[in-house]
């Protein structure tokens, strides 16, 4: 495993930790899109179908369990915790995420490497992950005061796939059997590009020492 | 293996 991939995974982990910290310590999920969280849970379920059958490394297995467990605990907090669920801003979270699921499933059925259940579900998870942040980005734009933890959560999440792209370039250059990954690369590129606007305002607010606010 | 595709990333 190269440093880019590892740093990417750590960013991903950090984003989840930051979000859980906000929810657990502040007992608040204000500004967080439940729809994005539902999409991520679905992404992890579909991608990690092989969790008990396809062993790659202890690291991989543990990370898979951590991502699945954290995704479900976030959903539990936002939907069932008596204090946290009151802070969920349902009216601002209006993205029609079922359309994303449907579109990604159709695309996965049409464009994939291999037509097997496992492979199509994996491809679906790759497509869905690329766009899963959209409900969250829409919600951020509507929120006037984005708190630091929420801003950092989205920032770490965006950095994660950015680092994965460097990992792909590195692996492409150093590994002989590392090709035919274009499907992942295109999706990963789109996923990272979606954050471009957010990154711009995040860095700007950080440099000017101002509170993060996205233009409407 | 077909395409050498092994999902070793997270």
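Protein chains in written order, with this note's numbering: chain Y, 1 to 216; chain X, 217 to 226. We treat Cβ as the ideally placed atom computed from N, Cα and C, and that holds for glycine.
**OP:** For residue 65 (chain Y), I'd like the list of residues in its chain whose CB is within less than 8 Å of its CB, leaving aside the five on either flank, ordered along the chain.
**Re:** Exclusion of the five residues before and after residue 65 (chain Y) leaves 51 as the residues of its chain whose Cβ lies within less than 8 Å of its Cβ.
Original post:
Can you name, in chain order, every residue of its own chain whose Cβ lies under 6 Å from the Cβ of residue 141 (chain Y), other than the five neighbours on each side?
Top reply: In its chain, beyond the 5 residues on either side, 214 have a beta carbon closer than 6 Å to the beta carbon of residue 141 (chain Y).
Original post:
Alpha carbon to alpha carbon, what distance is there between residue 127 (chain Y) and residue 219 (chain X)?
Top reply: At residue 219 (chain X), the pLDDT of 44 sits below 50, so the modelled position is not reliable; the number obtained from the coordinates is stated separately. Between the alpha carbons of residue 219 (chain X) and residue 127 (chain Y) lies a gap of roughly 19 Å.
Original post:
Taking contact to mean at least 3 C-beta pairs separated by less than 8 Å, is the segment 149-168 of chain Y in contact with the segment 193-209 of chain Y?
Top reply: Output reads yes: the segment 193-209 of chain Y touches the segment 149-168 of chain Y.
**OP:** Would you mind working out which of Y:78, Y:174 and Y:12 sits nearest residue 38 (chain Y), comparing C-alpha positions?
**Re:** The alpha carbon of residue 38 (chain Y) has as its nearest neighbour, out of Y:78, Y:174 and Y:12, the alpha carbon of Y:78.
**OP:** Classify residue 186 (chain Y) as helix, strand or coil using the three-state DSSP reduction.
**Re:** Helix at residue 186 (chain Y).
Original post:
Going along chain X in order, which residues have a C-beta closer than 7 Å to the C-beta of residue 56 (chain Y)?
Top reply: Simply 224.
**OP:** Taking only the alpha-carbon atoms, compute the straight-line gap between residue 68 (chain Y) and residue 173 (chain Y) and give it to the nearest angstrom.
**Re:** One Cα belongs to residue 68 (chain Y), the other to residue 173 (chain Y), and the distance between them is close to 31 Å.
Original post:
Looking at the unbroken alpha helix (DSSP H) that takes in residue 105 (chain Y), where does it start and where does it end?
Top reply: Per DSSP, residue 105 (chain Y) belongs to the alpha helix (DSSP H) from 97-110.
Original post:
Where residue 111 (chain Y) and residue 57 (chain Y) are concerned, what is the direct C-alpha to C-alpha distance, given to the nearest angstrom?
Top reply: Distance from the CA of residue 111 (chain Y) to the CA of residue 57 (chain Y), rounded to the nearest whole angstrom, comes to 28 Å.
Original post:
What's the call for residue 117 (chain Y), buried or exposed, on a 16-neighbour Cβ count within 10 Å?
Top reply: Residue 117 (chain Y) should be labelled exposed.
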